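Numbering (my numbering), first residue to last: -5 to 544.
We put the beta carbon where it would ideally sit given N, CA and C, even for glycine.
Since the model is a prediction, treat every value here as computed from it, not as a measurement.
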């Protein structure tokens, strides 16, 4: 990558922090560059708004909205955001690097994806969308061109520029259309503003179709009436696409997690990819430890040069004078109240008087005022004593029953004892219900972890049939049996990993998430059993107020 000694100095943004060395991609609104972060000392992707759009306030808002959406998401399948400067010229966002192109680039190079490979990409896209939907974000532009691939082959869902964030002001007018037509749900084609997460589910189904066929289709919502549309799609994946791309949103797969589970179940039935199939990513040349001091003279960043006001004829990229009209108005700073001047410390008895009062008279005035105050207090005290009625003489009550007080005391003690017993029972039942609720929630989280991370079995050596058998039983099971199959699945993965000498970092993370969910459930279950064995939970169980733990 280093250029000749007489090459061109790389341009820099962010007051010199980010050094641009190569162009990675160019879209309709922005260009993505390979950049070096001088502060964190790492390679990253710098996305800069096109120069022609710098004065377009709508595009600037969308550009900032993408950064705001990414800040809400922390997930391995969503690019991390490192920096964003909406007021720079050009506005830019710095993100985690994924330099192996997009899933659409793969299709353009190799043709239709093998079904197992396409299913794996879609599983990771579902992971990212599940995180976004949980944060109240609807992407609205899901398509293979936005499925970026990093060096490890991990899919990153990107381009949240037209995403709609729940409870945020929309940038889309009612009745307008925005997105990519072939991947749009029917309702999004007429009104983008009102769509919800089901529009993203439609787009995932359409994206899966594109990966499998190498082409897009705008008529997937009639695929159940025209068999020719899905004729060349793998039979295992046809029902997945059919359900995800129904015309009516209510008839589609209800959630991206359920769509992910359907894709994973189909993947378990698919034959493995052929050895001759191209891999998802090819090994790239490692990036250098630092950026080069100069770039080859022929390497040009014309749009970035125009935005930065750089002289393209100078090898050192000398900035040229720019007219005031070419600059963007600075951000309006909020008004801040100036701090109040500190008040000097004053003693409690210190007298502060206006200039027109004779200071020599202050002492006499204060003494007279104090005497008047004490006299008023004394008059008020005497008046209060005179008006206070005397308490009546207590009547003498003869004890007609010698032990009446004892009987009343015993009855009161019995009442208090019953109330205490009821309180103890109620406390025991409440504790058990709380611990049972915690165990149920941990079981649901274990189930969700299995649906999200179960595809790890396809990265482990050995026979995957036992795992697929457990997963199939899990999908059909309910209640305690569903939790039991989830525990069996994680234990089997654990045993397989223990027998492996080397585990990839991404695989290790998936296994750790499965193990953490399993251990959390087992801890919650033991806590529930322990609460039932100890007082007052044991008392609540013994009288049948709550059931005995499983």
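Same chain, Cβ closer than 8 Å to residue i, five either side skipped, listed in chain order
i: residue 343; result: The predicted model places residue 343 with a pLDDT of 43, which falls under 50 and marks its position as unreliable; any figure quoted below should be read in that light. The answer is none, since no qualifying residue turns up.
i: residue 181; result: 188, 189, 193, 243
i: residue 558; result: This structure leaves residue 558 out entirely; the chain is present only between -5 and 544.
i: residue 58; result: 78, 80, 85
i: residue 536; result: none
i: residue 210; result: 176, 177, 200, 203, 204
i: residue 23; result: 43, 44, 47, 53, 56, 57, 155
i: residue 477; result: 437, 440, 441, 515
Cβ neighbours of residue i in the same chain (closer than 6 Å, five flanking residues each side left out)
i: residue 436; result: 514, 515, 518
i: residue 300; result: 45
i: residue 255; result: 445
i: residue 338; result: Note on residue 338: pLDDT 46, under 50, position unreliable in the model; no value is reported.
i: residue 411; result: none
i: residue 228; result: 109
i: residue 538; result: none
i: residue 26; result: 18, 19, 39, 41
i: residue 68; result: none
i: residue 247; result: 195, 237, 238, 253
i: residue 91; result: 37, 38, 39
i: residue 406; result: none
i: residue 6; result: 13
i: residue -2; result: Note on residue -2: pLDDT 43, under 50, position unreliable in the model; the coordinate value appears next. Counting only Cβ-Cβ distances below 6 Å, and skipping sequence neighbours, we find nothing.
i: residue 328; result: Since pLDDT at residue 328 reaches only 32, below the 50 mark, its modelled position is unreliable, and no value is offered.
Beta-bridge partners of residue i, as assigned by DSSP
i: residue 114; result: According to DSSP, residue 114 bridges with nothing at all.
i: residue 38; result: 29
i: residue 88; result: 40, 77
i: residue 7; result: 12
i: residue 24; result: 43
i: residue 143; result: 149
i: residue 289; result: 2
Residue closest to residue i, alpha-carbon to alpha-carbon, out of the options
i: residue 31; options: 228, 11, 44; result: 11
i: residue 543; options: 239, 525, 217; result: 525
i: residue 440; options: 511, 468, 109, 115; result: 511
i: residue 73; options: 60, 82, 80; result: 60
i: residue 178; options: 138, 29, 35; result: 138
i: residue 99; options: 136, 142, 125; result: 142
i: residue 191; options: 120, 283, 64, 1; result: 120
i: residue 42; options: 262, 83, 111; result: 83
i: residue 9; options: 431, 33, 271, 28; result: 33
i: residue 417; options: 434, 464, 533; result: 533
i: residue 239; options: 271, 195, 408, 477; result: 195
i: residue 124; options: 485, 442, 368, 480; result: 442
i: residue 185; options: 479, 134, 475, 103; result: 134
i: residue 474; options: 430, 303, 281; result: 430
i: residue 3; options: 294, 479, 427, 476; result: 294
i: residue 432; options: 88, 523, 282, 262; result: 523
i: residue 480; options: 448, 29, 459; result: 448
i: residue 249; options: 104, 127, 497, 118; result: 127
i: residue 115; options: 213, 198, 102, 75; result: 198
i: residue 35; options: 152, 63, 76, 498; result: 76
i: residue 453; options: 16, 491, 485, 419; result: 491
i: residue 272; options: 368, 281, 104; result: 104
Residues near residue i in its chain [Cβ-Cβ closer than 7 Å; skip 5 each side]
i: residue 66; result: 129, 131
i: residue 493; result: none
i: residue 500; result: 146, 148
i: residue 260; result: 113, 230, 231, 234
i: residue 276; result: none
Integer Cβ distance of residue i from residue j, believed to fall under 8 Å
i: residue 71; j: residue 149; result: 6 Å
i: residue 423; j: residue 540; result: 5 Å
i: residue 464; j: residue 482; result: 5 Å
i: residue 266; j: residue 421; result: Going by Cβ atoms, the distance from residue 266 to residue 421 rounds to 57 Å, so no, they are not a contact pair.
i: residue 226; j: residue 207; result: 6 Å
i: residue 290; j: residue 1; result: 5 Å
Residue i: first and last residue of the uninterrupted alpha helix (DSSP H) it sits in
i: residue 60; result: 51 to 65
i: residue 98; result: 97 to 104
i: residue 465; result: 459 to 470
i: residue 479; result: 473 to 492
i: residue 204; result: 191 to 207
i: residue 501; result: 499 to 527
i: residue 234; result: 232 to 238
i: residue 275; result: Element bounds for residue 275: n/a, residue is neither H nor E.
i: residue 302; result: 296 to 302
i: residue 533; result: 531 to 536
i: residue 254; result: 250 to 263
i: residue 182; result: 180 to 184
Delimiting residues of the beta strand (DSSP E) encompassing residue i
i: residue 16; result: 12 to 20
i: residue 75; result: 75 to 79
i: residue 151; result: 149 to 151
Chain B within 9 Å of residue i, Cβ atoms only
i: residue 188; result: The chain inventory of the structure shown lacks chain B, comprising one protein chain alone.
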